[in-house]
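Number of protein chains: 2
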Amino acid sequence: MARPRQPLLDRRRIVEAARAVIDGEGLPALSTRRLAAELGVQGPSLYNHFATKDEILDAVADSVTATVDTAAFATLDWQEALRHWACSYRRALAAHPNIVPYLVQGPGRRPAALAMADTVHGGLVRAGWSPARATHIGAALRYFVAGSALVSFARGFLDDPELYAGHPHLHQAHRIAGRQHSVDEGAFTLGLEALLHGLAAEYDRSVAAQGVQR
Amino acid sequence: MARPRQPLLDRRRIVEAARAVIDGEGLPALSTRRLAAELGVQGPSLYNHFATKDEILDAVADSVTATVDTAAFATLDWQEALRHWACSYRRALAAHPNIVPYLVQGPGRRPAALAMADTVHGGLVRAGWSPARATHIGAALRYFVAGSALVSFARGFLDDPELYAGHPHLHQAHRIAGRQHSVDEGAFTLGLEALLHGLAAEYDRSVAAQGVQR
DNA sequence: CCCCTAAACTAGCGGCGTAAGTTTTCCGGC
DNA sequence: GCCGGAAAACTTACGCCGCTAGTTTAGGGG
């Protein structure tokens, strides 16, 4: 086969197929040959549309980030907006757990990630936070959500009773497969609320006290 | 060469060499052949001491986790202990940033990681937290530290002015190489203090109020 | 002393990302 | 209306990867 009547591939189709393979069979299952086969094509043909495999993975990662909802920053106060954003962010990662390890390391060259950071930063500054503080808050929340998604979806603890011998405070009961999910939920909720509570105190101290708001 | 007079390799030497390669040249630079060369040996010889490459990486990761200091749980109150632990944890990861992406995904089959989790959990329960809450707190802090280390050391933002076109709230000034470090520090400190502040409030509400302590 | 195991070796398999060069099709300009 | 170049598929192949299999020899226990 040479050049076909009409293109077999385009970036969108490639990204969708890649996401499907990753979602269904895990990140290591995605090779260029495997992905090409999924699209009815030979491996190197992908390089007519992307320069490297990492570029494909970046596009997949960004397509996930693009589903994060930051609309709350336009309508709600900063605390509620942060809460909505963090939960949406976590939900987006939970929907595609296998790409998370790549997504969280990746650099900032992704449009959706930049747009998200921009919206969050703008919302916080509008609420009265200093630009520097807004940067810190956005970063801290990203840290927490990224870490939460990564650790949670990595199936951190296995249900092997022998592992817990000699660790008197670790209860296997909290770790076995079924409970793991509720532990993750509880830890995320607790941590998020604690963060927001702490930020509210800092706000009262450093922003509201100076009458800088609107 | 057949079996040498005295062994050329042992697990300790392999782990140290692996850590050196990863620290110096990055995680992708570590291949079994490269590591073996570093030890004056052929690639497959490593498999006399480790079953898989991942087993080597797990050992490297655990050797880093082993440097985290949890002693504060024996002497300080729970808030101070959490603060010391989180900072030590972050310092340990910062000392070996290239292993972090592997470390944070990895499962709990690592002795040092289990021992750390056990100490933290025990310290919190001793302070009056319920076992379930203690699990959540330990997990939330791990999320935050892991996320912080991962995102920070990933060189998230490059200093390419074009990236910031169209994102009015993002200041390149906060992102260029030199500033990145202080942004990370600020975000970590702010987030950690906010978390601790929020947990203190929760403590007053759910633990101290019931007079459960000792 | 003998034999079994341990710890190195060499050879090689299948898979990976991707570079190079080929073929055919489409499209814009003379 | 042709024609030249870009586009998009192809085939081939290179060097690296993790790892297996089988071989050789040294060390240590019965």
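If you read the sequences in order, they're chains A and B. For the first sequence, the residue numbers in this note's numbering are 1 to 214. For the second sequence, the residue numbers in this note's numbering are 1001 to 1214. For each residue, glycine too, the CB sits at the ideal point set by N, CA and C. All values derive from a computational prediction rather than experimental measurement.
Check	Outcome
Using 8 Å as the Cβ pair cut-off and three pairs as the minimum, do the region 1036 to 1052 of chain B and the region 1084 to 1091 of chain B touch?	no
Assuming PHE73 (chain A) contacts THR119 (chain A) (C-beta within less than 8 Å), just tell me the rounded distance between them.	6 Å
How about ALA1139 (chain B): is its C-beta nearer than 8 Å to some C-beta of chain A?	yes
Nearest to HIS1096 (chain B) by alpha carbon, out of B:ALA1051, B:LEU1082 and B:LEU1150?	B:LEU1150
With burial defined as no fewer than 16 other Cβ atoms inside 10 Å of the residue's Cβ, what is the status of GLN105 (chain A): buried or exposed?	buried
Indicate whether LEU1008 (chain B) and VAL1021 (chain B) have their beta-carbon atoms separated by less than 8 Å.	no
Hey, which unbroken runs of the beta strand (DSSP E) at 3 residues or more fall wholly within the region 1115 to 1183 of chain B?	none
Which same chain residues end up closer than 6 Å to LEU1141 (chain B) when comparing Cβ atoms and leaving out the 5 residues on each side of it in sequence?	ALA1086
Buried or exposed: where does PRO4 (chain A) fall if 16 or more other Cβ atoms within 10 Å of its Cβ makes it buried?	exposed
What residues from chain A crowd round VAL1183 (chain B), counting only those whose CB sits closer than 9 Å?	ALA132, THR135, HIS136 and ALA139
So, using beta-carbon positions, are VAL100 (chain A) and ILE56 (chain A) closer together than 8 Å?	no
Could you pull out every residue in the same chain whose Cβ sits closer than 7 Å to the Cβ of GLU1038 (chain B), ignoring the five residues on either side in sequence?	ALA1017 and VAL1021
Given that PRO101 (chain A) touches chain B, what residues does it touch there, using C-beta distances under 8 Å?	PRO1101 and GLN1105
Beta-carbon separation of VAL1060 (chain B) and HIS169 (chain A) under 8 Å?	no
ASP69 (chain A) lies in the alpha helix (DSSP H); which residues open and close that run?	Premise fails: ASP69 (chain A) is in no alpha helix (DSSP H) and is neither H nor E.
Compute the beta-carbon to beta-carbon distance between ARG1110 (chain B) and ASP1054 (chain B), rounded to the nearest angstrom, for a pair I have assumed lies under 8 Å.	Not a contact, Cβ separation roughly 12 Å.
Scan the region 65 to 98 of chain A for residues whose Cβ lies nearer than 8 Å to a Cβ of chain B and list them as they occur along the chain.	none
What residue does the alpha helix (DSSP H) around PRO1101 (chain B) start on, and which one ends it?	1100 to 1105
Do ALA1113 (chain B) and ASP1062 (chain B) have their C-beta atoms closer together than 8 Å?	yes
How long is the line joining the alpha carbons of HIS1049 (chain B) and ARG1013 (chain B), rounded to whole angstroms?	11 Å
State the DSSP-derived secondary structure class of PHE1050 (chain B), mapped to helix, strand or coil.	coil
Of the residues B:GLU1162, B:GLY1191 and B:GLY1178, which one's Cα is nearest the Cα of ARG133 (chain A)?	B:GLY1191
If I'm right that GLY147 (chain A) touches ASN98 (chain A) with Cβ under 8 Å, what's the distance once you round it to whole angstroms?	Going by Cβ atoms, the distance from GLY147 (chain A) to ASN98 (chain A) rounds to 17 Å, so no, they are not a contact pair.
Pick from A:THR75, A:GLU202 and A:LEU103: whose alpha carbon is nearest that of ALA1154 (chain B)?	A:LEU103
With ALA1187 (chain B) and ALA71 (chain A) assumed to form a contact (beta carbons below 8 Å), what rounded beta-carbon distance in angstroms separates them?	That belief does not hold up - the Cβ atoms of ALA1187 (chain B) and ALA71 (chain A) are roughly 24 Å apart, past 8 Å.
Tell me which residues of the region 18 to 33 of chain A have at least one Cβ-Cβ distance to chain B shorter than 9 Å, keeping chain order.	none
Please state whether DSSP places GLY1108 (chain B) in a helix, a strand or coil.	coil
For chain B, check one thing: does any of its Cβ atoms lie closer than 8 Å to the Cβ of GLU202 (chain A)?	yes
Can you list, in chain order, the residues of its chain with a C-beta nearer than 7 Å to that of ASP23 (chain A)? Leave out the 5 residues immediately preceding and following it.	HIS96 and ASN98
List the residues of chain B whose Cβ lies closer than 7 Å to the Cβ of ARG193 (chain A), in chain order.	For the sequence presented, residue 193 (chain A) should be read as Glu rather than Arg. In chain order: GLY1198.
Can you check which of these residues, B:ASP1077, B:ALA1029, B:PRO1028 and B:ASP1010, is closest to TYR1047 (chain B) by C-alpha distance?	B:ASP1010
Compare the C-beta of GLY1128 (chain B) against all C-beta atoms of chain A and say whether one is closer than 8 Å.	no
If the criterion is Cβ atoms closer than 8 Å, does the pair GLY198 (chain A) and HIS1171 (chain B) meet it?	no
Write down the C-beta distance between THR1189 (chain B) and MET1116 (chain B) rounded to the nearest angstrom, noting that I regard them as a contact closer than 8 Å.	THR1189 (chain B) to MET1116 (chain B), Cβ: 22 Å. No contact.
Helix, strand or coil for VAL212 (chain A), going by three-state DSSP, please let me know.	Annotation note: pLDDT 47 at VAL212 (chain A) (below 50); position unreliable, coordinate value reported separately. Residue state, collapsed to three classes: coil.
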